[in-house]
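Student:
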Amino acid sequence: MLSDTADERRPEAAAPDRETAPHRHARLLRIAGWICVGLGAVGAVLPLMPTTIFLILAVACFMRADPELARRLLEHPRYGPSIRAWRERGIVSRKAKIAAVVAMAAGLVFSWALGAPAMVLAGTAVILIPVATWLVLRPED
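Take a look at the structure:
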């Protein structure tokens, strides 16, 4: 007699659906999501700090930890459309691309103006140039 056959017939013995099952690190993801929301809020008032990317990261955290919070961010009247465009089609608006590239360039110039060592400037440029190129090549709406 097989002991596991009875368990296989019971619906409650089936593995929970990945989308509805609580993530085992839900608390940590919820904290990370709120940190990203906080950084996004700071970015909303500071000119060189990004907002949407932190909200995209927050949604990614909340999707597993607190789907209701993810839904609220996705439905936000100002930031929701940008977050949904990224999640659904990988789209970044031209305005966001320009703002991001200008902010990256300004950060590099600011570092130079403050007298950052040449190695720091070179290292920063080595990171910023591919990131800016990748961003510019993303589809637009």
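With the first letter of the sequence shown counted as 1, position 116 gets the number 761 in the working numbering; the numbers rise by one all the way through.
C-beta atoms are modelled at their ideal positions from N, C-alpha and C, and glycine is treated no differently.
Just so you know, these numbers come straight off a predicted model, no measurement behind them.
1) Quick one: is Arg709 buried, meaning 16 or more other Cβ sit within 10 Å of its Cβ, or exposed?
2) Do Leu780 and Lys742 come within 8 Å of each other at the CB atom, strictly closer than that value?
3) Taking Glu785 and Val737 to be in contact with their CB atoms under 8 Å, please state how far apart those CB atoms are, rounded to whole angstroms.
4) Among Leu714, Val746, Val776, which residue has its Cα nearest to the Cα of Arg675?
5) What is the C-beta distance between Leu700 and Cys681, in whole angstroms, given that I count them as a contact (C-beta under 8 Å)?
6) Classify Val690: buried if its beta carbon has 16 or more other beta carbons within 10 angstroms, exposed otherwise.
7) Which residue marks the beginning of the alpha helix (DSSP H) containing Val737, and which one marks its end?
8) What is the DSSP secondary structure of Ala763, reduced to helix, strand or coil?
9) State yes or no: is the beta carbon of Ala745 nearer than 8 Å to at least one beta carbon in chain C?
10) Once DSSP output is grouped into helix, strand and coil, what is the label at Ala666?
11) Look up Glu785 in the DSSP assignment and say whether it is helix, strand or coil.
Tutor: Walking through what the data contain:
1) Stepping through the sequence shown from its first residue, residue 709 is reached at position 64. Buried, since its Cβ has 16 or more Cβ neighbours within 10 Å.
2) Within the sequence shown, the letter at position 97 stands for residue 742. Within the sequence shown, the letter at position 135 stands for residue 780. With a cutoff of 8 Å on beta-carbon distance, Lys742 and Leu780 are scored as near each other.
3) Counting from one through the sequence shown, the residue named residue 785 turns up at place 140. Counting from one through the sequence shown, the residue named residue 737 turns up at place 92. Contact holds; Cβ gap of about 7 Å.
4) Indexing the sequence shown from 1 puts residue 675 at position 30. Of the listed residues, the one whose Cα sits closest to Arg675 is Leu714.
5) One-based indexing of the sequence shown puts residue 700 at position 55. One-based indexing of the sequence shown puts residue 681 at position 36. Going by Cβ atoms, the distance from Leu700 to Cys681 rounds to 7 Å, so yes, they are a contact pair.
6) Here residue 690 corresponds to residue number 45 of the sequence shown, with the count starting at 1. That one is exposed.
7) Here residue 737 refers to the residue found at position 92 when the sequence shown is read from its first residue. Neither: Val737 is in no alpha helix (DSSP H) and is coded neither H nor E.
8) Stepping through the sequence shown from its first residue, residue 763 is reached at position 118. In this structure, Ala763 counts as helix in the three-state DSSP scheme.
9) Note that chain C does not occur in the displayed structure, where there is just one protein chain.
10) If you number the sequence shown from 1, residue 666 lands on position 21. Residue placement at Ala666 is flagged as unreliable, the pLDDT there being 49, under the threshold of 50; a coordinate-derived value is accordingly withheld.
11) Here residue 785 refers to the residue found at position 140 of the sequence shown. It is coil, neither helix nor strand.
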